[in-house]
Every structure is written in C-alpha cells, then in structure tokens.
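Top line first, the protein sequences correspond to chains A and B.
If you count the first sequence from 1, you need to add 440 to reach the numbering used here.
If you count the second sequence from 1, you need to add 1 to reach the numbering used here.
Working notes for the structure below.
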Amino acid sequence: MKVIIIGGERVPYFLAKKLVAQGYIVYFVNKNRELCEEYSRTLGAEIINGDGTDKAILDQLQIEPDDIIVLLTERDRKNFFIARLVQEYYNVKNVVTLLNNTENEDLFEKFGIRTLKVTDLIMSNIEPLLFENEVVAALEDEANTKGASVLRIDIDWDSKIARKNIRELSIPEGIIVVGIVRGDKFLIPRGETIIEPGDKLIIVCNEDKKAQAIEMFSL
Amino acid sequence: MLTKKVTEEVKNLRSINYKFYVIVVGCGKIGLEVASRLSHIGFNVTIIDKNPDSISRLPEDYGGFVIVGDATERETMERAKASKADMLIATTEDDTTNYFVSLVGAKIYGIPSIISLVNNRENVQLFERSGINIISPINLAVESFERSILEGLEHSIDYMAGDRK
C-alpha cells in the first residue's frame, strides 16, 4: 500500500514527511517543477512532476486498489476528475479530497469520495468571533446612547475570578455580564455559570462604573 | 442533414406544446455555434460562460438566454434553472470542467441527457463510463478520414476491376 498525494504546496510536504517517518511509501505528484525539484531533495518520497488529471502521469504510479489517494489541488473539478480516474481505471477504494467549495460535497459523496471540508472548518472557527463582533457592535450602538459602555475582557489562566460562578463574584449594581465567548460557543450567563480560563466576557456597565468593572474582572 | 432531422423532432415536440430546454456550457467556437443553431430551430437555450467577451461573440439573432458565470458553481446552475433542463451540452476546452458540470447536471439536477465535448482523446473512456454522450473532435476527424479513405479505396477497386475487363 502506498499513499499518493496529488497537488497542493506546503500541506503535502508536511503530510508526506510525517507519513515517510512512519514508514509509509509516499508518492507526490505536482505540476510545479520547482516545487518538485525542491521536494525531491528534501523529502524521502517519490516525486512526479506532471498534471494529475493526465492519465499518462497516473499510469506511471502503478496504482493499486488498496493505495490511498489524497487530492489537494485547489479546484474541486480537478480533484473530482482525478478521483474518478483512479476509481475507474485502478479500482482505488480510498480517495480523500480537499473540498474547496462546500456545496460540492453531495457530488463527491455520490461517488464515495471522502472530503476534507476546509472551508467549513475555518467557518466554524471564525463564526463565534463574527457573532461576538456583531453582538458587541449591536450592544455598543445601544449602550453609547444611554451612557453605558461595553467591555470585552479575556480571562487568563491565572485569573482570580476563573473557576468561580457569576453569583460568587457579587457583581455590583450597574455592571452586568451579558455574554461569554467560550471556544466556538457564545453563552448567555446565569448565576450558576462558572467562568473558565480562556473565556472572553462581554460586559455592559454604566459609564461611571467602567474603571471598577475593569479592575474587578481583570484580577 | 442532421439539422433537418432535429427540426422535425422539434416540430413533433411543439405539436404537443413542449419546448425542449437545453443548457450549453461554454461559449467558445463550438458552444456558440451549437447554441445559435439550437435556438434557431426552436429550442429553449441558455448559454453559460465565465467570460463576458465570449458571450458578446454570439450572433445578433441568437434568441436564447445568456448567463455570465462559472457553471461549476451551483449558483450559476440554479440561475440557469438546471433542474428544468432536458439536456446539457458541455463545450469548454477543459475536460475537467466538462466532466464536472456534466455530472453535476446529471446527478444533482437530474438532467436526463448529457452531451460533452472531450478535448483529450484519452478521456473519452472515463466520460463514457460515466454515462455521458461524448463528442471527440479527434475521433470524429479520424472516422471521417477513414470513411473517405474507404470510399476512395472502393472507388479504386471498382476502377481497377473495370479497367481489367
């Protein structure tokens, strides 16, 4: 069994390096000649300079049905084409592809091609950040006209208020914790909600309580 | 000759009040010609191309719709009402694009008939195995040559036979 990586730039390098270290036979196919020259010096993998959508190039790889094909070109149509070529001509069972456009997932699925949903992964990481920014922006619009401030405070690992619940903090009047950003979640806190290190608190307070709030939560 | 036959078919369809809807992907030399002819003989036609300059080369009397967009994106296919199409014809000069839009058309939008241009002769088999009707310019040319050569050969044989008598 061998692992054949087609397309991509730096990701295949580190991927191949890891696989080679684990004792796998790795082939790397790329159109970019300079990249191939570089990798043929630095990687212990078979390097083939050529277009993976060209069957003549694939024929050089002596692909077997139990080989694993990893497709990393930046065009879904190319990854799809190569995936179908290796399925039809070499009966390859395991094809994994980078999915650039999430909406194409259904087509790949219909042909039993596994997909790496990179766009989704990035979205799920930035979504809470986007949401947080929207919430804060909306709050600020409201608060500013009413003499209030919106604060964002990161809870450090050594914070004195970490691992306590909101009630225990006895937050004074005029200060309220309206939201907690935790990982990819946005929590609306209650009295029993425990503040954890790494949380980001979103606080609304009266303008004159601002200094007090910062002092209190930044301990 | 073919056009006449197609025109008759269109008439038949029209007699039952059905207008055949064809999506043509790619407005290059071939796509442009195919789309113009089909619209001329009474098909509902939409042609899609990424490049507005290509679209502008359509003849003035082209009576179909045009969409400037990437047919490998669903949004473009939705705009072209792909789920209502009776046929999709892929004519770009890139086989991976033709293959991709052909299978999106067939498998996602359920278009019953798919015809694709296959630029690289080596790819013919893959398209055919995937249920796509193919047009391969090289194969067509070779077949035409073969036919002409055969005719020429028959002619010579007749001639030689006649000569001997």
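Using N, Cα and C, we set each Cβ at its ideal position, and we do this for glycine too.
Residue environment, residue i, which counts as buried when at least 16 other CB atoms sit within 10 Å
i: M161 (chain B); result: exposed
i: F128 (chain B); result: buried
i: F146 (chain B); result: exposed
i: Y19 (chain B); result: exposed
i: P505 (chain A); result: exposed
i: T8 (chain B); result: exposed
i: Q527 (chain A); result: buried
i: I150 (chain B); result: exposed
i: G447 (chain A); result: buried
i: L538 (chain A); result: buried
i: N544 (chain A); result: buried
i: D546 (chain A); result: exposed
i: D499 (chain A); result: exposed
i: K458 (chain A); result: exposed
i: S157 (chain B); result: exposed
i: V143 (chain B); result: exposed
i: G153 (chain B); result: exposed
Boundaries (first-last residue) of the beta strand (DSSP E) holding residue i
i: C28 (chain B); result: Premise fails: C28 (chain B) is in no beta strand (DSSP E) and is neither H nor E.
i: T585 (chain A); result: Not the beta strand (DSSP E): T585 (chain A) falls in the alpha helix (DSSP H), residues V558 to T585.
i: I116 (chain B); result: S114 to L118
i: N489 (chain A); result: E486 to N489
i: Y530 (chain A); result: Premise fails: Y530 (chain A) lies in the alpha helix (DSSP H), D516 to Y530, not in any beta strand (DSSP E).
i: R622 (chain A); result: I615 to R622
i: S589 (chain A); result: A588 to D594
i: I606 (chain A); result: Taken as a continuous stretch (DSSP letters only), I606 (chain A) belongs to no beta strand (DSSP E), as it is neither H nor E.
i: D96 (chain B); result: From DSSP, D96 (chain B) is part of no beta strand (DSSP E) but of the alpha helix (DSSP H) over D96 to L104.
i: K442 (chain A); result: K442 to I446
i: D639 (chain A); result: Counting along the chain, D639 (chain A) falls outside any beta strand (DSSP E), and DSSP gives it neither H nor E.
i: F66 (chain B); result: F66 to V69
i: F21 (chain B); result: Premise fails: F21 (chain B) is in no beta strand (DSSP E) and is neither H nor E.
i: I48 (chain B); result: N45 to D50
Spatial distance of residue i from residue j (CA atoms)
i: P60 (chain B); j: K30 (chain B); result: 12 Å
i: G619 (chain A); j: T97 (chain B); result: 48 Å
i: I56 (chain B); j: T92 (chain B); result: 14 Å
i: F44 (chain B); j: I68 (chain B); result: 17 Å
i: I49 (chain B); j: F468 (chain A); result: 35 Å
i: V590 (chain A); j: E655 (chain A); result: 15 Å
i: Y100 (chain B); j: L512 (chain A); result: 18 Å
i: F21 (chain B); j: F520 (chain A); result: 30 Å
i: D507 (chain A); j: I465 (chain A); result: 10 Å
i: Y453 (chain A); j: Y479 (chain A); result: 8 Å
i: V451 (chain A); j: I522 (chain A); result: 19 Å
i: L475 (chain A); j: K85 (chain B); result: 45 Å
i: V576 (chain A); j: I601 (chain A); result: 22 Å
i: L33 (chain B); j: G463 (chain A); result: 53 Å
i: N531 (chain A); j: I593 (chain A); result: 55 Å
i: G388 (chain A); j: A578 (chain A); result: Residue 388 (chain A) is absent from the structure shown; chain A starts at 441 and stops at 659.
i: R148 (chain B); j: V125 (chain B); result: 21 Å
i: C645 (chain A); j: F657 (chain A); result: 12 Å
i: E613 (chain A); j: L659 (chain A); result: 19 Å
i: T77 (chain B); j: N565 (chain A); result: 28 Å
i: E155 (chain B); j: G163 (chain B); result: 12 Å
i: D159 (chain B); j: F551 (chain A); result: 54 Å
i: H41 (chain B); j: E74 (chain B); result: 28 Å
i: N472 (chain A); j: I139 (chain B); result: 29 Å
Residue i vs residue j beta-carbon contact at 8 Å
i: I488 (chain A); j: I497 (chain A); result: yes
i: G631 (chain A); j: R603 (chain A); result: no
i: R524 (chain A); j: N540 (chain A); result: no
i: T542 (chain A); j: D560 (chain A); result: yes
i: V535 (chain A); j: L556 (chain A); result: no
i: I116 (chain B); j: I90 (chain B); result: yes
i: I122 (chain B); j: S103 (chain B); result: According to the sequence as given, residue 122 (chain B) is Arg; it is not Ile. Cβ atoms of R122 (chain B) and S103 (chain B): not closer than 8 Å.
i: A81 (chain B); j: Y63 (chain B); result: no
i: A653 (chain A); j: I595 (chain A); result: no
i: V617 (chain A); j: I643 (chain A); result: yes
i: A83 (chain B); j: I133 (chain B); result: no
i: G65 (chain B); j: K51 (chain B); result: no
i: T482 (chain A); j: K518 (chain A); result: no
i: P637 (chain A); j: S599 (chain A); result: yes
i: G484 (chain A); j: V460 (chain A); result: yes
Whole-angstrom C-beta distance between residue j and residue i, which should lie under 8 Å
i: T679 (chain A); j: L641 (chain A); result: Missing from the structure shown is residue 679 (chain A); chain A here goes from 441 to 659 and no further.
i: I135 (chain B); j: V119 (chain B); result: 5 Å
i: D624 (chain A); j: E567 (chain A); result: 7 Å
i: D87 (chain B); j: S114 (chain B); result: 6 Å
i: I445 (chain A); j: I503 (chain A); result: That belief does not hold up - the Cβ atoms of I445 (chain A) and I503 (chain A) are roughly 13 Å apart, past 8 Å.
Range covered by the alpha helix (DSSP H) that runs through residue i
i: I109 (chain B); result: That residue, I109 (chain B), is in no alpha helix (DSSP H); it is neither H nor E in DSSP.
i: K550 (chain A); result: E545 to K550
i: I503 (chain A); result: Element bounds for I503 (chain A): n/a, residue is neither H nor E.
i: D499 (chain A); result: K495 to D499
i: Y479 (chain A); result: R473 to T482
i: Y453 (chain A); result: R450 to A461
i: L127 (chain B); result: V125 to R130
i: F661 (chain A); result: This structure cannot settle anything about residue 661 (chain A), because the visible part of chain A is limited to 441 through 659.
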